[in-house]
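Peer 1:
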């Protein structure tokens, strides 16, 4: 059986899965990527009520590793593009 | 689902448990899920039975080993077909029922959480909510839906009608029969006072539509309105039969013109007047009362309070006086440190409110003063736009003419000023040209609409003729070929 604690934490995948990062938000530019990831991490920290640093600190990683419900926290994010179309 | 404004409207929604997690066992899995769904009057269909009978199973419960999730809910809304599988809830196999409480995982809680998604709830950022993505361990034996989840579900589906009924109604005392309460005029309005002054009717019974109440409170989900030596009891904006009643007829020993009142968490009623307060258990005064307000809390104002507010959902009691308020700890019998604080914290609420109570679902707090009330959003910590509004119209069910007639003392007068005189001033400052324009513009607009409709009709008519000609033209070659 799969155990959440044993899995390798893929931060980008995690942020995408739970609606903090739009599927095509990451572009090739390193600078752009960093800014977008910081904003996504900060958004996650804000939602969970942990200190908002925008960085992958110890607390944030611990929260990301916890087993949780698979439904995204921000369902609007993934629907956004479809809605516009 | 919720974002598009959809709701489960069918009362006979069925669900089916398609498999079980071996770690927990079939019986325990089914018991946990049935308990989660049990509070709703949903039907469980056995898989085989549903297949044979062709019954629709709208919610399917299964278990998948996926990505280490605690659970997952897939919600597919198909407005065209109402597909058989509208929602599938998948508590993941790795979680057990009997895990230590510190792990926070319980199949029952997982099922409740995923059911929340199926009903349209999103994740909450309130860590104490069952809809938080990492829900905390909760007491599953005496499980009670946290306030945040309750508010969420009521926002989609509304407040259940059962909650509007009083849970523990106060006893109703037999009223002393007076000529005005005879069976004949039971449904008629109380006699109106003469137009020039809001004097009390012959037997001294006031009219609720005159306003100027001492305080307004909610006891056991019923509104109680106090004025001088009288009080009214209202349900659904209607005064109940036999009211107004004299205060000391119901709560013996309680003086007239009380300042404030609230219901304590233990169900006892606390009344304030001046520097004293009384505690009543139902209609009987507790021994040793009245006591001095200083005995209640040393930092409370010695000369009395304006109003008291019990925030039951979060277990807090507040006292208001002038432009300050205090938070009171019912367990320790003291005011919390750091208080009083300025009333400015309650953005938009006037100083010295005369009454306050929290709404049924706990989302709003209503403040009363004079003949007006303010609706305060407990989340935004601000008054809703459009307030204050009239208590007489919105709470007491008085019609506009009555509200207008009794329009004195609107700004929190504690005492009725009998010497005031009503002055009716008719203002007609609209020039005649404005009236003419108000007639001409709608007429011109109507004419334009008529011309437009005629033009469209003409175009359609021509289009139909052309289309018929085209069909005729294309038909000949086909006929020849055939």
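Chains as they are written, first to last, in my numbering: chain H, 53 to 137; chain S, 26 to 507. Cβ coordinates follow ideal geometry from the N, Cα and C atoms, glycine included.
#1: Give the secondary structure of residue 323 of chain S by DSSP, where H, G and I count as helix, E and B as strand, and everything else as coil.
#2: Around the C-beta of residue 467 of chain S, are 16 or more other C-beta atoms found within 10 angstroms, so that it is buried, or is it exposed?
#3: When DSSP labels each residue in this structure, what does residue 511 of chain S get in the three-state scheme?
#4: Measure the alpha-carbon distance for residue 132 of chain S versus residue 358 of chain S and round it to whole angstroms.
#5: Is residue 379 of chain S helix, strand or coil by DSSP?
#6: Using a Cβ-Cβ cut-off of 6 Å (strictly less than) and excluding sequence neighbours within five positions of residue 100 of chain H, which residues of its own chain qualify?
#7: Assuming residue 299 of chain S and residue 328 of chain S form a contact by the criterion Cβ under 8 Å, report the distance between their Cβ atoms to the nearest whole angstrom.
#8: Could you tell me if the beta carbon of residue 379 of chain S falls within a distance shorter than 8 Å of some heavy atom in the ligand FMN?
#9: According to the neighbour-count rule (16 or more other Cβ atoms, all chains shown, within 10 Å of its Cβ), is residue 297 of chain S buried or exposed?
#10: Which residues mark the beginning and the end of the beta strand (DSSP E) in which residue 108 of chain H is found?
#11: If contacts are defined as beta-carbon pairs under 8 Å, then residue 393 of chain S and residue 416 of chain S qualify, I think. What distance do you get, rounded to the angstrom?
#12: Along the chain, where does the beta strand (DSSP E) that runs through residue 332 of chain S open and close?
#13: Within 10 angstroms of the Cβ of residue 139 of chain S, are there 16 or more other Cβ atoms? Answer buried if so, exposed if not.
#14: If you measure from the beta carbon of residue 152 of chain S to each beta carbon in chain H, is any gap under 9 Å?
#15: So is residue 171 of chain S in contact with chain H if we call contact Cβ pairs under 9 Å?
#16: Within its chain, find whatever has a CB closer than 7 Å to the CB of residue 242 of chain S; leave out the 5 residues flanking it on each side and keep chain order.
#17: Where residue 230 of chain S and residue 337 of chain S are concerned, what is the direct C-alpha to C-alpha distance, given to the nearest angstrom?
#18: Under 9 Å Cβ-Cβ, which residues of chain S neighbour residue 101 of chain H?
#19: Measuring only between beta-carbons, confirm whether residue 68 of chain H sits less than 9 Å from chain S.
#20: Whose Cβ in chain H lies nearer than 7 Å to the Cβ of residue 159 of chain S?
#21: For residue 94 of chain H, collect the residues of the same chain with a Cβ closer than 6 Å to its Cβ; drop the 5 residues on either side in sequence, then sort them by chain order.
#22: Would you kindly report the start and end of the unbroken beta strand (DSSP E) that includes residue 402 of chain S?
#23: Does the CB of residue 51 of chain S have a neighbour CB from chain H at under 9 Å?
#24: Using a Cβ cut-off of 9 Å (strictly closer), state whether residue 146 of chain H contacts chain S.
#25: As a quick exercise: from S/396, S/233, S/360 and S/326, pick the residue whose alpha carbon is nearest that of residue 375 of chain S.
#26: Quick one: list the residues of chain H neighbouring residue 358 of chain S, beta-carbon separation under 8 Å, in chain order.
#27: I believe residue 184 of chain S touches residue 385 of chain S by the beta-carbon criterion, under 8 Å. Please report the beta-carbon distance rounded to the nearest angstrom.
#28: Please state if the CB of residue 400 of chain S and the CB of residue 414 of chain S are separated by a distance shorter than 9 Å.
#29: Let me make sure I understand the geometry here. Which of S/141, S/143 and S/173 has the alpha-carbon closest to that of residue 153 of chain S?
#30: May I ask you to report which of helix, strand or coil DSSP gives residue 271 of chain S?
#31: Name the chain H residues whose beta carbon is nearer than 7 Å to that of residue 388 of chain S?
#32: Check whether the Cβ atoms of residue 159 of chain S and residue 137 of chain S sit closer than 9 Å, and answer yes or no.
#33: So, does the CB of residue 139 of chain S fall closer than 9 Å to a CB anywhere in chain H?
#34: How far does the beta strand (DSSP E) with residue 364 of chain S in it extend, from its first residue to its last?
#35: Could you give the C-beta distance for residue 378 of chain S and residue 332 of chain S, rounded to a whole number, given that I count them as a contact under 8 Å?
Peer 2: Looking at the atomic coordinates:
#1: Mapped onto the second chain, residue 323 of chain S falls at position 298. Residue 323 of chain S carries a coil assignment under DSSP once its states are collapsed to helix, strand and coil.
#2: For the purposes of this step, residue 467 of chain S is taken as the residue at position 442 of the second chain. Under a 10 Å Cβ-count criterion, residue 467 of chain S is classified as exposed, with fewer than 16 other Cβ atoms of the shown protein chains found around its own Cβ.
#3: Because chain S in this structure spans residues 26 to 507, residue 511 of chain S falls outside the shown range and cannot be described.
#4: In the second chain, the residue the question calls residue 132 of chain S occupies position 107. In the second chain, the residue the question calls residue 358 of chain S occupies position 333. Their backbone Cα atoms lie some 40 Å apart in a straight line.
#5: The residue given as residue 379 of chain S occupies position 354 in the second chain. Three-state result, residue 379 of chain S: coil.
#6: Taking the first residue of the first chain as position 1, residue 100 of chain H is located at position 48. Excluding sequence neighbours, residue 100 of chain H sits near 115.
#7: Translated into positions along the second chain, residue 299 of chain S becomes position 274. Translated into positions along the second chain, residue 328 of chain S becomes position 303. Yes, residue 299 of chain S and residue 328 of chain S are in contact; Cβ-Cβ is about 7 Å, under 8 Å.
#8: This structure lacks the ligand FMN; in fact it carries no ligand of any kind.
#9: Looking up residue 297 of chain S in the second chain gives position 272. So residue 297 of chain S ends up on the buried side.
#10: Counting from one through the first chain, the residue named residue 108 of chain H turns up at place 56. For residue 108 of chain H, there is no enclosing beta strand (DSSP E), as DSSP gives it neither H nor E.
#11: Translated into positions along the second chain, residue 393 of chain S becomes position 368. Translated into positions along the second chain, residue 416 of chain S becomes position 391. 6 Å between Cβ atoms; contact.
#12: Translated into positions along the second chain, residue 332 of chain S becomes position 307. According to the DSSP assignment, residue 332 of chain S belongs to the beta strand (DSSP E) that extends over 332 to 336.
#13: In the second chain, residue 139 of chain S corresponds to position 114, counting from 1. With 16 or more Cβ atoms within 10 Å of its Cβ, residue 139 of chain S is classed as buried.
#14: Reading the second chain from its first residue, position 127 is the one you call residue 152 of chain S. At least one chain H Cβ lies under 9 Å of residue 152 of chain S.
#15: Along the second chain, read from residue 1 onward, the residue named residue 171 of chain S stands at position 146. Any Cβ of chain H closer than 9 Å to the Cβ of residue 171 of chain S would place that residue at the interface, and such an atom is absent.
#16: By 1-based counting over the second chain, the position of residue 242 of chain S is 217. The answer, listed in chain order, is 249, 286, 287, 380 and 382.
#17: Taking the first residue of the second chain as 1, we reach residue 230 of chain S at position 205. Taking the first residue of the second chain as 1, we reach residue 337 of chain S at position 312. Answer to the nearest angstrom: the Cα atoms are 33 Å apart.
#18: Within the first chain, numbered from 1, the residue matching residue 101 of chain H stands at position 49. In chain order: 150, 151 and 152.
#19: Indexing the first chain from 1 puts residue 68 of chain H at position 16. Chain S has no Cβ within less than 9 Å of the Cβ of residue 68 of chain H.
#20: To locate residue 159 of chain S, count along the second chain from 1; it is residue 134. Within 7 Å Cβ-Cβ: 118 and 120.
#21: Position 42 of the first chain holds residue 94 of chain H. So the list reads 104 and 106, once near-sequence residues are dropped.
#22: Residue 402 of chain S sits at position 377 when you count from the first residue of the second chain. 397 to 402 is the extent of the beta strand (DSSP E) around residue 402 of chain S.
#23: Along the second chain, read from residue 1 onward, the residue named residue 51 of chain S stands at position 26. No, no contact with chain H.
#24: Nothing in the structure corresponds to residue 146 of chain H, since chain H is present only between 53 and 137.
#25: Translated into positions along the second chain, residue 375 of chain S becomes position 350. Taking only the C-alpha atoms, the option nearest residue 375 of chain S is S/396.
#26: Sequence index remark: in the second chain, residue 358 of chain S carries index 333 (1-based). Within chain H, no residue comes near residue 358 of chain S; the closest Cβ sits about 32 Å away, beyond 8 Å.
#27: The sequence position of residue 184 of chain S within the second chain is 159, counting from 1. The sequence position of residue 385 of chain S within the second chain is 360, counting from 1. Contact holds; Cβ gap of about 6 Å.
#28: Your numbering for residue 414 of chain S matches position 389 in the second chain. Your numbering for residue 400 of chain S matches position 375 in the second chain. Yes, these two residues count as a Cβ contact at 9 Å.
#29: Within the second chain, the letter at position 128 stands for residue 153 of chain S. Here the closest residue by C-alpha is S/173.
#30: Within the second chain, numbered from 1, the residue matching residue 271 of chain S stands at position 246. Residue state, collapsed to three classes: strand.
#31: Residue numbering aside, residue 388 of chain S sits at position 363 when the second chain is read from its first letter. Per Cβ cutoff of 7 Å: no residues; residue 388 of chain S is ~20 Å from chain H at best.
#32: In the second chain, the residue the question calls residue 159 of chain S occupies position 134. In the second chain, the residue the question calls residue 137 of chain S occupies position 112. Between residue 159 of chain S and residue 137 of chain S, the C-beta spacing is not below 9 Å.
#33: Sequence index remark: in the second chain, residue 139 of chain S carries index 114 (1-based). By the rule that beta-carbons nearer than 9 Å mark a contact, residue 139 of chain S touches chain H.
#34: As a position in the second chain, residue 364 of chain S is number 339, starting the count at 1. Per DSSP, residue 364 of chain S lies in no beta strand (DSSP E) segment and is marked neither H nor E.
#35: The residue you call residue 378 of chain S lines up with position 353 of the second chain. The residue you call residue 332 of chain S lines up with position 307 of the second chain. The Cβ separation is near 5 Å, so the contact holds.
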